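Protein chains: 2
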Amino acid sequence: LSPFFHCLQGEKNNGYEVLYQNMKYGLSATKELAEYFRERSNLEEYNSKLLTKLANKAGSSGGGTFSPLWIILKSTTERLSELHAQKVQKLTELVKNVTKYAEDLHKKHKSVKEEESGTQDAVQAMKESTAAVAKAKDTHNARLQEVEKARKDNSAKEIEKSEAKLRKHQDDYKALVEKHNIIKQEFEKKMTITCRRFQEMEEAHLKQMKEFLSSYMDIVQNNFDLVGQVHSDLKRQFLELTVDKLLEQFVLNKYTGLEKPGK
Amino acid sequence: LSPFFHCLQGEKNNGYEVLYQNMKYGLSATKELAEYFRERSNLEEYNSKLLTKLANKAGSSGGGTFSPLWIILKSTTERLSELHAQKVQKLTELVKNVTKYAEDLHKKHKSVKEEESGTQDAVQAMKESTAAVAKAKDTHNARLQEVEKARKDNSAKEIEKSEAKLRKHQDDYKALVEKHNIIKQEFEKKMTITCRRFQEMEEAHLKQMKEFLSSYMDIVQNNFDLVGQVHSDLKRQFLELTVDKLLEQFVLNKYTGLEKPGK
């Protein structure tokens, strides 16, 4: 487990917010994926219905030499409609699984927020302490400048006064930094654990999402292969029905006796 | 050229009607095929539009580790939409060609009807003559029965009378059969030419129809192969985007500095 997430702390210590926000994005992405699959499924259903309608109409203009070709076009259209319907069935199952997962994920996220309250507190303390140290540093610099200015002016009274102010602040500053180091240690300890946890959750989540996508691609690919079979069957039947064969079949159907004409 | 159509004369000499009707079926089939292609094209257009809509929506829920997968899903959806649109374009061209052919065929059929009026007359004459011969044959049989009955009754007067009637009818019958043979010869001569013509027309028509179907299957197959390419590209990209890679990309995007946390 390489703790990628650990380097997300940044200067503003907002790593926790980034990770928490990403976790929430994970739920949105899950819902959106379910919706994407659902709409693809709806499109398949539309195709299936329209192809059935088309199959029912195919060749309705009646007899003639072309009839055997209509028969294979009609059955091809029916088979394609059936394949779209099969895809709908499998996608519906997939959408159900993704939706169920999204519900579970939502519950999990709620408990994560509760369980990570200690880290949230440490983040808050770290932010406040960091700000306080920065402010103390600024004050320290200002005090230093006052001492320098007094020395330049060569005023013994001002030098003594400003040096006293500097020394007094240095004690406060030192105490603050010591306190900050403790807060920082606690923060780093907590964040290391939290980052690891978020990363493990994220890895499990992405693994699951990739499995959903993988199932989707399998459904699409299997269906695609079956459609390819329908196409090659159509091609084979089409080549078998030569012009001579079509004429023969027509004559056989219309055949009203082998007698010589005009008997 | 094997004259299949020649054996369509049948007992009722209705071969011409069968051939003429089939020729008209050919026009209906052409129009129906154009309509079938048009509706398949409309379905492709619907697919293209809906997939564009879906592509625009894909991944709109924003950032997160799953984003790179949304990007490939989005571009896959766009490419599929584009392929459906290409199919529409090619099918529209095909429908135009079939429709143009149907118009030409309609004109051709009109001239055939005019040009075959001689054969139609011969068919009519043949039908009438055949009926007259059949009727004369019935009368001949009735006369024969009358002679037999008179002989059975042993009435010399009736025998002579019925035999005279029979002889008189035999002369008419013979004349009718001789006339019929001439009509029949003319009919057969004309029908042989007409059958050959209808057959040639039908062969050319079926060849053309098969070419349309062949173009259709090529459009479908080429498009299908390109869709297969999109699927395998998606699969490849999907496999490249491992969970580790997704985490890395996310960290790189969110990366706010390589500093140790809490600096």
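Protein sequence lines, in the order shown, are assigned to chains A and B. Residue 226 in UniProt numbering sits at position 226 of the first sequence; the count goes up by one each step and never skips. Residue 175 in UniProt numbering sits at position 175 of the second sequence; the count goes up by one each step and never skips. Note that CB positions come from ideal geometry on N, CA and C, so glycine has one too. What you are looking at is a predicted structure, and each value in this text was computed from that prediction instead of being measured.
Within chain B, the residues that residue i reaches when beta carbons sit closer than 9 angstroms
{"i": "A/G63", "result": "Q21, N22 and Y25"}
{"i": "A/L166", "result": "Result: empty, since nearest Cβ-Cβ is about 25 angstroms, beyond 9 angstroms."}
Contacts of residue i in chain B (Cβ-Cβ under 7 angstroms)
{"i": "A/L213", "result": "L69 and F238"}
{"i": "residue 316 of chain A", "result": "Given a span of 1 to 263 for chain A in the structure shown, any question on residue 316 of chain A remains unanswerable."}
{"i": "A/N222", "result": "Residues of chain B passing the Cβ test: none, with the nearest at roughly 11 angstroms."}
{"i": "A/H140", "result": "By Cβ distance, chain B contributes nothing, its closest Cβ being about 18 angstroms from A/H140, past 7 angstroms."}
DSSP-derived helix/strand/coil call for residue i
{"i": "B/L241", "result": "coil"}
{"i": "A/N97", "result": "helix"}
{"i": "B/A131", "result": "helix"}
{"i": "B/T65", "result": "coil"}
{"i": "residue 268 of chain B", "result": "Because chain B in this structure spans residues 1 to 263, residue 268 of chain B falls outside the shown range and cannot be described."}
{"i": "A/S48", "result": "helix"}
{"i": "B/N181", "result": "helix"}
{"i": "A/D218", "result": "helix"}
{"i": "A/G59", "result": "coil"}
{"i": "A/N141", "result": "helix"}
{"i": "A/N13", "result": "coil"}
{"i": "A/T256", "result": "Annotation note: pLDDT 49 at A/T256 (below 50); position unreliable, coordinate value reported separately. Of the three classes helix, strand and coil, the one that applies to A/T256 here is coil, per DSSP."}
Reference residue i, options the options, closest by Cα
{"i": "A/E202", "options": "A/S48, A/T30 and A/N13", "result": "A/T30"}
{"i": "A/K245", "options": "A/L69, A/E32, A/Y16 and A/T52", "result": "A/L69"}
{"i": "A/K96", "options": "A/R151, A/L27, A/R38 and A/K189", "result": "A/R38"}
{"i": "A/R40", "options": "A/L50, A/M23, A/K179 and A/K90", "result": "A/K90"}
{"i": "residue 266 of chain A", "options": "B/L54, B/Y36, B/E35 and B/L33", "result": "For residue 266 of chain A there is no data in the structure shown, the boundaries of chain A being 1 and 263."}
{"i": "B/G15", "options": "B/I72, B/V123, B/H109 and B/E35", "result": "B/V123"}
{"i": "B/S28", "options": "A/N13, A/G62 and A/Y36", "result": "A/G62"}
{"i": "A/K24", "options": "A/M191, A/H84, A/T194 and A/H106", "result": "A/H106"}
{"i": "B/V220", "options": "A/E211, A/N223 and A/V230", "result": "A/V230"}
{"i": "B/Q208", "options": "B/A85, B/D104, B/S232 and B/N13", "result": "B/D104"}
{"i": "A/K108", "options": "A/H205, A/V227, A/D171 and A/F212", "result": "A/H205"}
{"i": "B/L94", "options": "B/L33, B/V227 and B/L234", "result": "B/L33"}
{"i": "A/L19", "options": "A/E200, A/A156, A/H140 and A/A134", "result": "A/E200"}
Closer than 8 angstroms at the beta carbon, the chain A residues around residue i
{"i": "B/V243", "result": "E203, L206, K207 and K210"}
Amino acids of chain A, ordered along the chain, whose beta-carbon sits closer than 9 angstroms to that of residue i
{"i": "B/H231", "result": "M217, V220, Q221 and F224"}
Residue i: contacting residues in chain A (beta-carbon distance under 7 angstroms)
{"i": "B/K235", "result": "M217"}
{"i": "B/L43", "result": "N47 and L50"}
At which residue ranges does the segment 73-123 of chain B contain complete alpha helix (DSSP H) runs of 4 or more residues, listed in the order of the chain? none
In the segment 73-106 of chain B, which residues sit with their C-beta less than 8 angstroms from some C-beta in chain A, listed in chain order? Under the 8 angstroms Cβ criterion, the segment 73-106 of chain B contributes L73.
Which residues, taken in chain order from the segment 173-187 of chain B, show a beta carbon closer than 8 angstroms to some beta carbon of chain A? The residues in question are K184 and F187.
According to a CB-to-CB cut-off of less than 9 angstroms, which residues of the segment 48-62 of chain B neighbour chain A? Going along the segment 48-62 of chain B in chain order, one finds L50, L51, K53, L54, K57, A58, G59, S60, S61 and G62 with a Cβ nearer than 9 angstroms to chain A.
Pull out every residue of the segment 28-39 of chain B whose Cβ sits closer than 9 angstroms to any Cβ of chain A, in chain order. S28, A29, T30, K31, E32, L33, E35, Y36 and E39
Selection of the segment 105-125 of chain A by Cβ proximity to chain B, strictly under 7 angstroms: none
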